[in-house]
Amino acid sequence: MELEGAVVLVTGGAKGLGLAIATHLQGQGAQLIVADLDAESLGALPESIEGHVLDVTCPDDARAMVKEVAERHGRIDILVNNAGVIHSEPMVNILNPAEMMHDYDRFRNSITANLDSVFIMTAATVEQMVLRRTKGVIVNISSISASGNEGQTAYSAAKAGVNAMTVTWSKELGRFGIRCNAVAPGFIGTGSTHKALSDTIIEHIQSKTPLRRLGHAVEVAKAVTALIDNDFMNGAVLNVNGGLTI
Ligand SMILES: NC(=O)c1ccc[n+]([C@@H]2O[C@H](COP(=O)([O-])OP(=O)(O)OC[C@H]3O[C@@H](n4cnc5c(N)ncnc54)[C@H](O)[C@@H]3O)[C@@H](O)[C@H]2O)c1
1 MELEGAVVLV TGGAKGLGLA IATHLQGQGA QLIVADLDAE SLGALPESIE
51 GHVLDVTCPD DARAMVKEVA ERHGRIDILV NNAGVIHSEP MVNILNPAEM
101 MHDYDRFRNS ITANLDSVFI MTAATVEQMV LRRTKGVIVN ISSISASGNE
151 GQTAYSAAKA GVNAMTVTWS KELGRFGIRC NAVAPGFIGT GSTHKALSDT
201 IIEHIQSKTP LRRLGHAVEV AKAVTALIDN DFMNGAVLNV NGGLTI
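What follows is the structure in structure tokens.
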């Protein structure tokens, strides 16, 4: 799909990878709409990017926002499901006998933030694409953790679910002219990575990565652009991980 003039909605685009994706797509001529929980970071976006405060885990709010955006712009061509929350918690933590097992509420919260959110936003957007008979592209931001990362039961399960939904939708939505693909980043040098992981762990990850470094946010953004650009890509999960496998 041609990016010039395309109406693109990026979730979680107020900072981190989402902001890099939004900025990169805008640089290719797209009209950018960003939906994010973080009102303060939304306020710091350039005026050329339309910001909306939205919790993408809330179906009614998501449906209303997407409908309003589609009505005002005439359509939504592309949805990038980027909003997510990295959550690390081992199944058993013997160093914390009082709370040794993985907490179930935190498990559910991670699944809601990383999996339900993708379902909710895709349902709201595809509804508008189908009703308006516009062809479209969905790009889900998955993770290397989808293959099962030690210490990340919930997050890994959620991202594996994102991959499965990506393939399912590529099969179901192709008949409407809607393609669905995913990008699965490895470890990217974003604020969230540095917040979630100690320097020692980051050094270890780098030493295990064939390219011996973390990825750059723009490298994920370029993969998103490639999936949008190539009209025969459908149901792909594109790894952007420097050759690291876990
Ligand atoms: N950073 C990495 O190395 C890395 C690696 C693999 C996958 N990912 C994935 O990339 C995506 C972006 O990660 P990031 O590192 O930029 O994280 P981040 O925390 O820097 O940014 C995430 C953004 O999503 C928003 N968000 C979170 N929950 C939301 C909700 N319920 N509703 C609306 N907005 C919400 C946050 O406010 C934030 O602006 C996530 O899906 C993450 O799982 C990141």
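For the sequence shown, position 1 matches number 1 in our numbering, and the numbering has no gaps at all.
Ideal Cβ positions, reconstructed from N, Cα and C, are used throughout, including at glycine.
Remember, predicted model here, so these are calculated numbers, not experimental data.
Judged by their CB atoms, G242 and V167 are not nearer to each other than the 9 Å cut-off. A straight-line Cα-Cα distance of about 43 Å links G27 and M91.
The continuous alpha helix (DSSP H) containing V218 extends over residues 217-229.
Taking 8 Å as the cut-off, the C-beta of D199 does not count as close to any heavy atom of ligand 1. The C-beta of I76 has 16 or more other C-beta atoms within 10 Å across all chains shown, which makes the residue buried. DSSP assignment within the stretch 35-117 yields the following whole alpha helix (DSSP H) runs of 4 residues or more, N-terminal first: 39-43, 59-73, 104-111. The residue among A98, Y155, G74, E68 with its C-alpha nearest the C-alpha of S110 is Y155.
Within the same chain, and ignoring the five residues on either side of I49 in sequence, the residues whose Cβ sits closer than 7 Å to its Cβ are A22, Q26, L32, V34. By the criterion of at least three beta-carbon pairs nearer than 8 Å, the stretch 167-184 is in contact with the stretch 137-145. Given a length threshold of 4 residues, each whole run of the alpha helix (DSSP H) inside the stretch 150-175 is given here in chain order: 153-173. From the listed residues V240, A124, M1, the smallest Cα separation to V69 is found for A124.
Closest by C-alpha distance to R175, out of H87, D199, V126, is V126. Excluding the 5 residues flanking it on each side, A62 has same chain C-beta neighbours closer than 7 Å at L54, V56, I120, M121, A124, in chain order. For K67, same chain residues with a beta-carbon under 7 Å away, outside a window of 5 residues either side, are Q128 in chain order. Per the DSSP secondary-structure output, T11 pairs in a beta bridge with A35. Within the chosen limit of 8 Å, ligand 1 reaches the beta carbon of D55 through at least one heavy atom.
N114 and L19 have their C-alpha atoms roughly 18 Å apart. Taken through DSSP and simplified to helix, strand or coil, A6 comes out as coil.
Within its own chain, the residues whose Cβ lies closer than 6 Å to the Cβ of D116, once the five positions on either side in sequence are excluded, are T57, listed in chain order. Within the same chain, I188, V240 come within 8 Å of E219 by CB-CB distance, once the 5 residues on both sides are set aside.
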